[in-house]
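What follows is a short report on a single structure.
Number of protein chains: 2
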Amino acid sequence: MPIYTTPILNINLKKLIENYRLLQKLSGPAIAAAVVKDDAYGLGATAVTETLYKEGCRHFFVAHGSEGAIIRKVAPEATIFALQGIGEDSLSYFKEAHLTPVICSKDMLSFWKSHKIEGIRPAIQVETGLNRLGFSVDDLKTLSDVDLSEFSYVLSHLSCADEQAHFMNARQLNNFRKIKQTFFKDTPATLSASDGVFLGHDFCFNLTRLGAAMYGINTAPYRENEMHNILELKAPVLQVKPLAKGEFVGYSATFRAPTDMKIAIISIGYGDGLPRSLSNRGKVIFYENGKPCFCTILGRVSMDNVICDVTPLKELKTGDWGYLINDDYTVDDIARDAGTIAYELISNLGHNPRFIKNYQK
Amino acid sequence: MPIYTTPILNINLKKLIENYRLLQKLSGPAIAAAVVKDDAYGLGATAVTETLYKEGCRHFFVAHGSEGAIIRKVAPEATIFALQGIGEDSLSYFKEAHLTPVICSKDMLSFWKSHKIEGIRPAIQVETGLNRLGFSVDDLKTLSDVDLSEFSYVLSHLSCADEQAHFMNARQLNNFRKIKQTFFKDTPATLSASDGVFLGHDFCFNLTRLGAAMYGINTAPYRENEMHNILELKAPVLQVKPLAKGEFVGYSATFRAPTDMKIAIISIGYGDGLPRSLSNRGKVIFYENGKPCFCTILGRVSMDNVICDVTPLKELKTGDWGYLINDDYTVDDIARDAGTIAYELISNLGHNPRFIKNYQK
């Protein structure tokens, strides 16, 4: 009987490309840029950037300068924007890797003025309703000594684009148009991430920033997901055993067997980035005769293991695999059961150093 | 005005040593082993192991063989136990790094028998009430062909040791004693992790497995934490600005300003491992005139930023630092506000590749 102990995360780069192409189509004439910040949402910025660069993508977004420096190695000719902007602690990355900062405030603009990098035209972020980073209209009015046409892009970000009918979408679009018209008439503009692309061409302007949907997340949950799932996460069964009626399971004894049961202990836990909030409600899927069986997690998710109810399974044994994410139970499904969003889920899973990560090319 | 963009995680290894010494004292004559699985709960297994090895620690616990291979480089003479045990996918790590598997099932024992490693005496895990990994009494009875004295340690794990008066503690202690008496009379024994150590010497047997408390987590929450906080997490302010009454903040517009306010945008988010469940309830601490001001997170935590209410602060400016974890607001405090436990919190934060990680030695 084979024994395995290590979880495996399979990342399908072919399907990633298909998702990118679909989003590119939805973006119309706008440039389809790729968002690979946070190590490509945990999935590996180098592998994702390399793949999309080969596909012809020449515009990438990271959050931090340090992230930009990493992907520069596989995207030599691309424009790489850093959304957190530039500071003393990241200046060297911008210089060495020739990165484009997104300037988000007057203070940062002052910093940029005294640390300009030859050949770089920064982007500028403006506030349209998210009330996160960006210049307000009042800020822009006071920039009398600045030539605003020096910016390569004017950028803003939607707050509620995952809800098609939300009033904020029209409000932010309107605000963005006004700001563009008033201050950035001839400057290329970008407003939408994946979710905004589904709102139509009005929201796409000159460039769209494709992240979550490219990774398979449904960013337009009011309609069925048109994206391919690109992830498969599986973990091996370490032990299968009986659980007698009345016995407790896991930390703090939060599950008590109502009847004699059969349990399996799987080699994955919150130390691998699996949310602990799946305790007593998450699912592990096993396949018997080709059919999926959704087995409930019993008790608390612990750091390295989960325990699940496999009573209905006749043939499950040590060395078999339980699936945490696949086409039958996507990143959106597991995130919903964990009480969070797939963005946070895959970010935490992806950062985990213990997985065997396989890229299917 | 200085501008910074990158969060910083400071890990105090001096205080880690003090915590280890205190737990060693509480362990009485038992060997004080260190648990450095999950990359030392995300804090860096190499740095932690190196520090404790110099302090004289010679017994370490990891979960996976791959983790053991990493720390072997800085703990040449130590015994390194791998709690997930051994399998085909990890065998090479055990051989090369001379690791000691904790055998958790009859199937794994069969695997071990056909893949024994010269000079290694594995440990064996037994089931006493957690119903996770381990041999049941019935399993042990059927091992007629096995010389149980070949195991270097008999190990079990408590389920409710963080609650001093929980009935499971006495039940598991009793079960463990019976199993030891019946099957492992002369075998060294280990039952307790950090939380068990606080239950007294009865629970310590020959070796204690010190993890969470060493990292500053209060594993005995029924008493005040005697451990030192060892972490400081801070992130720079990217922008300070007014928020007008009636304006919305963040994704899905989940916060609306009840009055004119002042907000700060901080360069840290769930992409850094900060729990998204801190949305609209977490705190960022700023210091003005040496006094802490606990500022509430407004709206959703996003991937790279949080927004917080800094209305009371007169002098806050770009480039100042907000604290997410420090002596005034420990890992247990932030985990409580996030609706989880500090174990999960620091594991997700620690795995993040974007921080600047500093070790204070």
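Read top to bottom, the protein sequences are chains A and B.
First residue of the first sequence: 1, per the numbering used here; consecutive thereafter.
First residue of the second sequence: 1001, per the numbering used here; consecutive thereafter.
Built from N, CA and C at the ideal position, the CB exists for glycine as well.
6 Å CB neighbourhood of residue i in its chain, flanking five on each side removed
i	result
Ala-362/A	Since the first residue of chain A shown is 1 and the last is 361, residue 362/A is not available in this structure.
Asp-1039/B	Ala-1045
Gly-1282/B	Ile-1297 and Asp-1337
Ala-1342/B	Ile-1217, Val-1331, Asp-1332 and Ala-1335
Phe-1355/B	Pro-1007 and Leu-1009
Leu-324/A	Leu-233
Gly-1277/B	A quick correction: the sequence has Ser, not Gly, at residue 1277/B. Excluding residues within five positions, the ones whose Cβ falls inside 6 Å are Ala-1338 and Gly-1339.
Rounded straight-line distance, which links the Cα of residue j to that of residue i
i	j	result
Glu-315/A	Arg-1132/B	20 Å
Val-1154/B	Tyr-1041/B	24 Å
Lys-942/B	Lys-357/A	Not covered by the structure: residue 942/B. The range shown for chain B is 1001 to 1361.
Phe-1286/B	Pro-1292/B	6 Å
Phe-111/A	Ile-103/A	10 Å
Ala-34/A	Leu-23/A	10 Å
Asp-162/A	Lys-14/A	25 Å
Thr-398/A	Leu-43/A	There is no way to answer for residue 398/A, as the model of chain A reaches only from 1 to 361.
Glu-288/A	Phe-1205/B	43 Å
Asp-1328/B	Gln-125/A	34 Å
Lys-1106/B	His-1115/B	14 Å
Lys-1185/B	Ala-264/A	29 Å
Cys-308/A	Pro-1221/B	28 Å
Glu-77/A	Glu-55/A	13 Å
Ile-1346/B	Pro-29/A	44 Å
Asn-1280/B	Lys-1113/B	55 Å
Val-310/A	Ala-244/A	13 Å
Lys-262/A	Gly-200/A	51 Å
Thr-1340/B	Thr-219/A	26 Å
Phe-1203/B	Ala-97/A	56 Å
Within chain B, partners of residue i - CB distance below 8 Å
i	result
Val-36/A	Simply none; closest approach about 12 Å.
Leu-133/A	Leu-1238, Gln-1239, Ile-1265 and Asn-1305
Thr-318/A	Ser-1105, Asp-1107 and Met-1108
Own chain residues within Cβ distance below 8 Å of residue i, not counting five before or after
i	result
Arg-1256/B	Gly-1246, Glu-1247, Phe-1248 and Val-1249
Tyr-251/A	Gly-299, Arg-300 and Ser-302
Leu-1210/B	Tyr-1020, Leu-1023, Gln-1024, Ser-1027, Ala-1032, Ala-1033, Ala-1034, Val-1035, Ala-1193, Ser-1194 and Val-1197
Pro-188/A	Ser-152, Tyr-153, Val-154, Phe-205, Asn-206 and Leu-207
Buried or exposed (CB count within 10 angstroms, at least 16 for buried), residue i
i	result
Pro-1122/B	buried
Pro-1275/B	buried
Asn-344/A	Note that residue 344/A is Glu in the sequence shown here, rather than Asn. Under this definition Glu-344/A is a buried residue.
Phe-167/A	exposed
Ser-144/A	exposed
Gly-1290/B	exposed
Ala-213/A	buried
Thr-1051/B	buried
Ala-1170/B	exposed
Pro-1101/B	buried
Thr-259/A	exposed
Ala-165/A	exposed
Gly-1119/B	exposed
Cβ neighbours of residue i in the same chain (closer than 7 Å, five flanking residues each side left out)
i	result
Ile-1071/B	Val-1036, Ala-1045, Thr-1046, Thr-1049, Phe-1060, Val-1062 and Ile-1080
Phe-362/A	Because chain A is modelled from 1 through 361, residue 362/A falls outside the range shown and cannot be assessed.
Asn-12/A	Ile-230 and Gln-360
Leu-1099/B	Gly-1065, Gly-1068, Ile-1080, Ala-1082 and Tyr-1093
Ala-75/A	Thr-49, Tyr-53 and Phe-60
Thr-1318/B	Met-1001, Ile-1003, Val-1237, Leu-1238, Gln-1239 and Val-1240
Arg-1058/B	Glu-1077, Ala-1078 and Thr-1079
Gly-1134/B	Cys-1104, Gln-1125, Val-1126, Glu-1127 and Ser-1156
Neighbour list for residue i in chain A, Cβ cutoff strictly below 7 Å
i	result
Glu-1344/B	Tyr-270 and Arg-276
Met-1108/B	Ile-3
Pro-1353/B	Asp-39 and His-351
Leu-1130/B	Gly-250
Amino acids of chain A, ordered along the chain, whose beta-carbon sits closer than 9 Å to that of residue i
i	result
Gln-1084/B	Thr-5, Thr-6, Leu-238, Ser-267, Asp-304 and Asn-305
Leu-1143/B	Result: empty, since nearest Cβ-Cβ is about 15 Å, beyond 9 Å.
Chain B contact residues for residue i, given Cβ-Cβ distances below 9 Å
i	result
Thr-340/A	Tyr-1270, Pro-1275, Arg-1276 and Ser-1277
Residues that residue i contacts on chain B, provided the C-beta gap is smaller than 7 Å
i	result
Val-102/A	Correct list: empty, because the minimum Cβ distance to chain B is about 11 Å.
Phe-111/A	Ile-1003
Proximal chain D residues relative to residue i, where beta-carbon distance stays under 7 Å
i	result
Asp-1089/B	The chain inventory of the structure shown lacks chain D, comprising the protein chains A and B.
Interface residues of chain A facing residue i [CB-CB closer than 8 Å]
i	result
Cys-1160/B	Tyr-251, Ser-252 and Ala-253
Next on the checklist: For the structure I just gave you, are there three or more beta carbon pairs, one from the region 1118-1134 of chain B and one from the region 1170-1180 of chain B, closer than 8 Å?
Outcome noted: yes
Next on the checklist: Across the region 1049-1067 of chain B and the region 1087-1101 of chain B, are there enough close Cβ pairs to call them in contact, namely three or more that are closer than 8 Å?
Outcome noted: yes
Checklist entry - Is there contact here, the region 1012-1027 of chain B with the region 1217-1231 of chain B, by at least three beta-carbon pairs under 8 Å? => result yes
Checklist entry - If you pair each beta-carbon of the region 186-194 of chain A with each one of the region 153-172 of chain A, do three or more pairs fall below 8 Å? => result yes
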